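Worksheet for the structure shown next.
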Amino acid sequence: MLILFLWVLPASSQPASSKVPLKEQLWRFSNFLPPGHWSNYCNSWLLDEIEKRTNGTIKTRLFVGEALGKAAEHYNMVVTGRAEIGELTTGFAPGTFPLCDVLKLPFSWNSALEGSIVANDLLRKGFLDETLRRDVKTIALNMTIPLKIWTKKPVSTFEGLKGLRLRVSGGLDIQTIEALGINAIAMPLPEVYPALEKGVIDGGVYGEENAVDFKYAEVAKYVIDVPLCYAVHLIFLNKKIWDSLPKDTQATLNGIFREMEIHWGATLDLLLRTKFIPILREKYGYKIVDLPPAEVEKIRAATSKVKDDWITAMEKKGLPGKKNYEAMISSMKDHGFISDQTWVKNRALAK
Numbered sequence: 268m269l270i271l272f273l274w275v276l277p278a279s280s281q282p283a284s285s286k287v288p289l290k291e292q293l294w295r296f297s298n299f300l301p302p303g304h305w306s307n308y309c310n311s312w313l314l315d316e317i318e319k320r321t322n323g324t325i326k327t328r329l330f331v332g333e334a335l336g337k338a339a340e341h342y343n344m345v346v347t348g349r350a351e352i353g354e355l356t357t358g359f360a361p362g363t364f365p366l367c368d369v370l371k372l373p374f375s376w377n378s379a380l381e382g383s384i385v386a387n388d389l390l391r392k393g394f395l396d397e398t399l400r401r402d403v404k405t406i407a408l409n410m411t412i413p414l415k416i417w418t419k420k421p422v423s424t425f426e427g428l429k430g431l432r433l434r435v436s437g438g439l440d441i442q443t444i445e446a447l448g449i450n451a452i453a454m455p456l457p458e459v460y461p462a463l464e465k466g467v468i469d470g471g472v473y474g475e476e477n478a479v480d481f482k483y484a485e486v487a488k489y490v491i492d493v494p495l496c497y498a499v500h501l502i503f504l505n506k507k508i509w510d511s512l513p514k515d516t517q518a519t520l521n522g523i524f525r526e527m528e529i530h531w532g533a534t535l536d537l538l539l540r541t542k543f544i545p546i547l548r549e550k551y552g553y554k555i556v557d558l559p560p561a562e563v564e565k566i567r568a569a570t571s572k573v574k575d576d577w578i579t580a581m582e583k584k585g586l587p588g589k590k591n592y593e594a595m596i597s598s599m600k601d602h603g604f605i606s607d608q609t610w611v612k613n614r615a616l617a618k
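Spelled out as C-alpha cells, the structure:
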C-alpha cells in the first residue's frame, strides 16, 4: 500500500461478474486529511488488509491532503468514480445526509466507540440516509469523540459564549451552537488554522485529535470540557465497483469492513488517552475550562430543544426523524450505553 500525493487519471471501470474470479484492479483511497493525521493509521490498516485478504489482486493507494480533490468533493468523487474509496464527515456535504444528524444530538456519546457501534447498527437495520446503501457501499460509519468548544481566550460562563464566532463542521452542529447564542461558521478542517490565526473566528468546535493533528492548539488553547457536538465520519466505496465483485470477495471484504467499524473508534479512544491529551498538555500547554455544574446545566437547557426541532424539521421534509431517533435510543439501550436522557445529563455533569 502506497501513500501518494500526485494526481492520477481515473481508471476505467472494471466490470466483472460475480460468477468469475476476481480481476486485478487498483483502488485509490482519497481523503482530505494531512499525512500524519491519526485516521490514516486506520486507513493504512484497512488498505493493507484489503490487499492481504485478496492475495494482492486488489491493489490500493492512499492519497491524502486533498491530493485528488477538496474535502467537500469527496462523496461525489466516489459516486462518480474519480476515486474508488473516499473519506469525509457528513458536515462537508450539506443536505446529503440529513438523517445522520440524529447521531449528532448534543450530550449523546461519551466515546467514539460507543457512537460507532450504534451508528453501524442503525445502518444495517435500514435507518439513516438511504444514499449510504443506494449510491455507495459504506465501509464504515464512525462517530468521533465528543467535539468541544475551543477558544483563543478563556470563557468560564454560559453568558461568555454569546456572540463568539466559532467554526463548526455543519449540519446539526449549527443549530446546537447557535442555541447558545454563538455565531456558527461552517468550515472544513483544513481551513480552520488560518481562520484562527487571522482572527476570522474566535475558536471552533472540534476534538482533541484535530487540535493536535491540525495544530489548532497553537492558537486556541482553551477547551470547555462539555460533550456538546459530534461528527459523523464516513468511509465508502464506489457502488458499481462493489456490485461488480464476486460474492466470495464481497464476503471477505465485509469481514474487513466490520472490523474497521470497531477499529476506527477504538483507536481514536485509545489515542485520546495515550497521545493527544499528553501532547496537548506537554507541547501546547492547553487549558481545560472546567465549568461549574450550574453553567453546564445552562448549556444543556439551551440545547434541549435541538432534538425536538430536528425531528420536526425531518418530518416536515417527509423523512422519518422520529423513527430514527427512537431507533438510536433503542440501540443505545440494547448495547448498554444509555438508560435515559437524564443519565446522559448526569454523566456530563459528573465530577
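Residues in the sequence shown are numbered from 268 upward in steps of one, following our numbering. Cβ coordinates follow ideal geometry from the N, Cα and C atoms, glycine included. Keep in mind the model is a prediction, meaning the values are calculated, not measured.
Sub-8 Å separation of residue i and residue j beta-carbons
| i | j | result |
| --- | --- | --- |
| Leu547 | Ala478 | yes |
| Val499 | Lys337 | no |
| Arg328 | Leu293 | yes |
| Ile412 | Ser378 | yes |
| Tyr497 | Val459 | no |
| His304 | Asp480 | yes |
| Gly588 | Ile578 | yes |
| Glu333 | Pro457 | yes |
| Gly470 | Lys419 | yes |
| Ile260 | Glu354 | Lying outside 268 to 618, the shown extent of the chain, residue 260 is not represented and no answer is given. |
| Leu495 | Thr541 | no |
| Leu463 | Ile449 | no |
| His530 | Trp376 | no |
| Asn591 | Val345 | no |
| Ser306 | Phe330 | no |
| Leu389 | Ala594 | yes |
| Leu539 | Glu476 | yes |
Simplified DSSP state of residue i, which is helix, strand or coil
| i | result |
| --- | --- |
| Leu501 | strand |
| Leu431 | coil |
| Asn409 | strand |
| Thr347 | helix |
| Val275 | Here the model assigns Val275 a pLDDT of 40, short of 50, so the residue's position is not dependable, and the following value carries that caveat. Looking at Val275 - three-state DSSP - the assignment turns out to be coil, as it is neither helix nor strand. |
| Asn377 | coil |
| Asp492 | strand |
| Gly473 | Looking at the sequence itself, residue 473 is Tyr, so the reference to Gly does not match. Three-state result, Tyr473: strand. |
| Ala334 | coil |
| Gly353 | strand |
| Thr579 | helix |
| Leu447 | coil |
| Val287 | coil |
| Thr418 | strand |
| Val369 | helix |
| Gln608 | Residue placement at Gln608 is poorly supported in this model, since its pLDDT is 47, which falls under 50; the coordinates still yield a value, given next. Correct three-state label for Gln608: helix. |
| Val620 | Residue numbering for the chain in the displayed model covers 268 to 618; residue 620 lies beyond these limits and cannot be assessed. |
| Ile596 | helix |
| Lys618 | Reliability fails at Lys618, whose pLDDT of 43 lies under 50, so the model's placement of it is uncertain and the value that follows must be treated cautiously. The answer is coil: DSSP assigns Lys618 none of H, G, I, E or B. |
| Trp294 | strand |
| Ile555 | strand |
| Tyr453 | Per the sequence presented here, residue 453 reads as Ala, with Tyr not at that position. Strand at Ala453. |
| Leu512 | coil |
Pick from the options that is closest to residue i, judged by C-alpha positions
| i | options | result |
| --- | --- | --- |
| Trp403 | Ser511, Lys550, Pro587 | The sequence shown places Val at residue 403, rather than the Trp named in the question. That would be Ser511, whose Cα lies nearest to the Cα of Val403. |
| Glu528 | Asn387, Phe296, Trp417 | Asn387 |
| Leu558 | Thr321, Val493, Glu316, Leu289 | Val493 |
| Arg525 | Leu408, Lys429, Ala484, Ala594 | Leu408 |
| Asp601 | Leu366, Asp315, Ile384, Ala339 | Ile384 |
| Asp440 | Glu381, Pro365, Gly552, Thr418 | Pro365 |
| Gly437 | Asp368, Leu335, Lys554 | Asp368 |
| Pro373 | Glu582, Lys583, Ala533, Ala569 | Ala569 |
| Glu318 | Glu340, Thr347, Thr519 | Thr519 |
| Ser571 | Leu389, Ala339, Tyr342, Leu447 | Leu447 |
| Gly358 | Glu582, Phe330, His341, Glu485 | His341 |
| Leu399 | Glu291, Thr347, Thr363 | Thr363 |
| Leu414 | Leu535, Glu485, Thr324 | Leu535 |
Beta-carbon contacts of residue i that lie in its chain and below 7 Å, excluding the five residues immediately before and after
| i | result |
| --- | --- |
| Glu445 | Ala451 |
| Phe425 | Glu562, Lys565, Ile566 |
| Asp522 | For the record, residue 522 in the displayed sequence is Gly; it is not Asp. Answer for Gly522: no residue qualifies. |
| Ile468 | Arg432, Leu433, Arg434, Ile452, Ala462 |
| Ala339 | Phe359, Ala360, Pro455 |
| Glu619 | One cannot answer for residue 619 here, as it falls past the ends of the chain, which runs 268 to 618. |
Own chain partners of residue i with C-beta closer than 8 Å, once the 5 adjacent residues on each side are dropped
| i | result |
| --- | --- |
| Val422 | Ile416, Leu428, Leu431, Tyr489, Ile491, Val556 |
| Lys554 | Pro421, Lys488, Tyr489, Val490 |
| Ala533 | Ala379, Leu380 |
Classification of residue i by the beta-carbon crowding that lies within 10 angstroms, buried from 16 upward
| i | result |
| --- | --- |
| Val287 | exposed |
| Asp315 | exposed |
| Gly466 | exposed |
| Gly552 | exposed |
| Asp575 | exposed |
| Ser280 | With a pLDDT of 45 at Ser280, under the threshold of 50, the modelled position of that residue is not reliable, and the figure given next carries that caveat. It is exposed - the Cβ of Ser280 has fewer than 16 other Cβ atoms within 10 Å. |
| Thr347 | exposed |
| Asn322 | exposed |
Cβ-based neighbour list, residue i, same chain, cut-off 6 Å, excluding 5 preceding and 5 following
| i | result |
| --- | --- |
| Gly603 | none |
| Thr405 | Leu399, Phe503 |
| Leu395 | Leu366, Cys367, Leu389 |
| Ala350 | Arg295, Ser297, Leu335, Met344 |
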